[in-house]
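Those protein sequences? They're chains A and B, same order as listed.
The first sequence stops at residue 328 when you use my numbering, and every number in between is there.
The second sequence stops at residue 328 when you use my numbering, and every number in between is there.
Quick notes on the structure that follows.
Protein chains: 2
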Amino acid sequence: MNDMRDFLADLELTGFTSRVKRLSDDILYSTRDYYKSQDLDIEPNWHLIFLLLEQKAMTLTEISEELRLSHPACVKIINKMKKMGYIQSEPDKTDSRKQILELTEKSLEMLPEFHKHWNAGIETIHEITADCAEILEQLQKIEEKLSQGSYKIRTLRNYYKQ
Amino acid sequence: MNDMRDFLADLELTGFTSRVKRLSDDILYSTRDYYKSQDLDIEPNWHLIFLLLEQKAMTLTEISEELRLSHPACVKIINKMKKMGYIQSEPDKTDSRKQILELTEKSLEMLPEFHKHWNAGIETIHEITADCAEILEQLQKIEEKLSQGSYKIRTLRNYYKQ
DNA sequence: TACATTTGTGTAACTGGTTACATGAATGAT
DNA sequence: ATCATTCATGTAACCAGTTACACAAATGTA
Numbered sequence: 167m168n169d170m171r172d173f174l175a176d177l178e179l180t181g182f183t184s185r186v187k188r189l190s191d192d193i194l195y196s197t198r199d200y201y202k203s204q205d206l207d208i209e210p211n212w213h214l215i216f217l218l219l220e221q222k223a224m225t226l227t228e229i230s231e232e233l234r235l236s237h238p239a240c241v242k243i244i245n246k247m248k249k250m251g252y253i254q255s256e257p258d259k260t261d262s263r264k265q266i267l268e269l270t271e272k273s274l275e276m277l278p279e280f281h282k283h284w285n286a287g288i289e290t291i292h293e294i295t296a297d298c299a300e301i302l303e304q305l306q307k308i309e310e311k312l313s314q315g316s317y318k319i320r321t322l323r324n325y326y327k328q
Numbered sequence: 167m168n169d170m171r172d173f174l175a176d177l178e179l180t181g182f183t184s185r186v187k188r189l190s191d192d193i194l195y196s197t198r199d200y201y202k203s204q205d206l207d208i209e210p211n212w213h214l215i216f217l218l219l220e221q222k223a224m225t226l227t228e229i230s231e232e233l234r235l236s237h238p239a240c241v242k243i244i245n246k247m248k249k250m251g252y253i254q255s256e257p258d259k260t261d262s263r264k265q266i267l268e269l270t271e272k273s274l275e276m277l278p279e280f281h282k283h284w285n286a287g288i289e290t291i292h293e294i295t296a297d298c299a300e301i302l303e304q305l306q307k308i309e310e311k312l313s314q315g316s317y318k319i320r321t322l323r324n325y326y327k328q
């Protein structure tokens with residue numbers, strides 16, 4: 167059964183980035199597949215936006231900062247959510263550049279059902295990380311390291327150290 | 167300094183998937199930035215293809231299986247690498263469907279320099295995961311869990327269990 | 001040998017991110 | 001009050017993956 171060999175895993179640290187991407191993509195596409203199978207007309211990356219707007223109305227820039235996602239990425243997501251009737255916007259009264267984004271009636275109606283699916287998904291994450299008690303702490307540590315010095319900065323330093 | 171708060175981290179398991187994606191994207195774009203800053207005309211996802219073809223010539227399907235990447239994804243990468251003169255192909259003598267992919271002279275000439283950059287990058291991964299001794303084992307465990315049952319299958323089960 | 005199936009590759013359309021650039025509104029400094 | 005700067009949003013072009021479909025070559029089977 168040599169079939170289980172994994173080129174990326176064999177590479178150890180060299181394959182780390184690709185494996186993280188593979189994991190991320192794997193869950194992403196599987197989530198989309200799940201929604202499709204349940205006839206839900208939502209996308210995986212809408213989840214956190216729903217959670218944010220469920221708490222309070224926000225502007226696009228605020229959302230982009232909360233999620234640490236570029237604002238053009240948020241524009242695309244929000245536009246699609248608007249098109250599907252889950253988000254509506256109204257201009258800010260004091261600053262005409264801003265548009266206040268909020269959930270529609272359709273959202274409020276669907277959210278209880280969506281939450282059931284999201285909870286099932288969180289349970290899945292719980293399952294697959296069950297043997298990795300400290301995975302969130304480790305993720306945190308890696309994020310902290312990268313916030314102290316980006317991959318680029320660190321790699322430049324390492325290159326010239328050689 | 168409440169600015170350091172991270173909505174995704176606060177969500178714990180709910181934010182796990184998005185944080186993994188954020189990490190993956192962060193490293194990916196920073197790597198591209200690095201290559202650009204060093205005037206290297208290569209893309210981050212070419213790394214493993216170089217490593218594979220450095221060992222032996224392979225077909226597109228073989229590469230796609232090794233990397234566990236869809237074959238259309240490989241087609242795109244390979245075409246770009248061909249266009250940039252790093253890969254050449256010749257038809258298989260016994261099976262005219264297959265094309266054998268191999269590195270060009272340009273590749274062989276550049277690889278020593280590329281390896282220096284890749285090694286600096288691996289050193290960076292080493293740095294940022296230094297406090298996470300068992301990160302590779304944990305990744306392995308998560309991959310194994312998902313290979314036993316996909317995110318979709320597990321989440322369906324969890325949904326109907328509710 | 002003829003025909004159905006599998007395999008290798010390619011293309012199209014999609015989601016999901018990025019950086020770079022543009023523009024009009026708000027803010028701040030002189 | 002004016003002008004430079006910053007801020008909020010939008011658009012374009014790009015990279016990176018997916019699934020679905022197409023098609024010819026190879027293989028297996030009756």
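For glycine and all other residues, C-beta sits at the position ideal for the given N, C-alpha and C.
For clarity, every value in this text was computed on a predicted model and none was experimentally measured.
In this structure, how does DSSP classify residue i when only helix, strand and coil are distinguished?
i	result
residue 330/B	The question about residue 330/B has no answer, for chain B in this structure spans 167 to 328.
residue 208/B	coil
residue 234/B	coil
residue 199/B	helix
residue 304/B	helix
residue 157/A	This structure gives no information on residue 157/A, because the portion of chain A shown stretches from 167 to 328.
residue 286/A	helix
residue 321/B	helix
residue 217/B	helix
residue 273/B	helix
residue 249/B	helix
residue 181/A	helix
residue 311/A	helix
residue 259/A	coil
residue 327/A	helix
residue 168/B	For residue 168/B, the pLDDT reaches just 40, beneath the cut-off of 50, and the residue's location in the model is therefore unreliable, leaving the point undetermined.
Please classify residue i: is it buried, with 16 or more other beta-carbons within 10 angstroms of its beta-carbon, or exposed?
i	result
residue 260/B	exposed
residue 267/B	buried
residue 263/B	exposed
residue 324/B	buried
residue 169/A	Residue confidence for residue 169/A is low, a pLDDT of 48 falling below 50, so the modelled location carries little weight; the figure read from the coordinates is stated next. Exposed, since its Cβ has fewer than 16 Cβ neighbours within 10 Å.
residue 237/A	exposed
residue 181/B	buried
Suppose you measure from the CA of residue i to the CA of residue j; what does that come to, to the nearest Å?
i	j	result
residue 211/B	residue 243/B	8 Å
residue 206/B	residue 326/A	16 Å
residue 292/B	residue 286/B	10 Å
residue 226/A	residue 196/A	27 Å
residue 312/B	residue 294/A	7 Å
residue 283/A	residue 321/B	8 Å
residue 167/A	residue 239/B	Note on residue 167/A: pLDDT 38, under 50, position unreliable in the model; the coordinate value appears next. Answer to the nearest angstrom: the Cα atoms are 27 Å apart.
residue 339/A	residue 255/B	Here chain A covers residues 167 to 328 and nothing more, so residue 339/A does not appear.
residue 249/B	residue 304/B	38 Å
residue 233/A	residue 258/A	21 Å
residue 302/B	residue 204/B	29 Å
residue 328/A	residue 208/A	49 Å
residue 277/A	residue 269/A	10 Å
residue 229/A	residue 241/A	10 Å
residue 179/B	residue 251/B	44 Å
residue 184/A	residue 246/A	29 Å
residue 224/A	residue 235/A	15 Å
Which residues does DSSP pair with residue i in a beta bridge?
i	result
residue 254/B	268/B
residue 225/B	266/B
Evaluate the contact criterion for the segment 286-304 of chain B versus the segment 301-317 of chain A: three or more CB pairs, one atom per stretch, below 8 Å. yes
Stretch pair the segment 192-208 of chain B + the segment 316-326 of chain A: three plus CB contacts closer than 8 Å: yes
At least three beta-carbon pairs within less than 8 Å, the segment 184-191 of chain B to the segment 176-196 of chain A: Counting C-beta pairs closer than 8 Å gives three or more between the segment 184-191 of chain B and the segment 176-196 of chain A, which meets the contact rule.
With a cut-off of 8 Å, do at least 3 Cβ pairs link the segment 269-288 of chain B to the segment 210-224 of chain B? Yes: the two stretches touch, three or more of their Cβ pairs being nearer than 8 Å.
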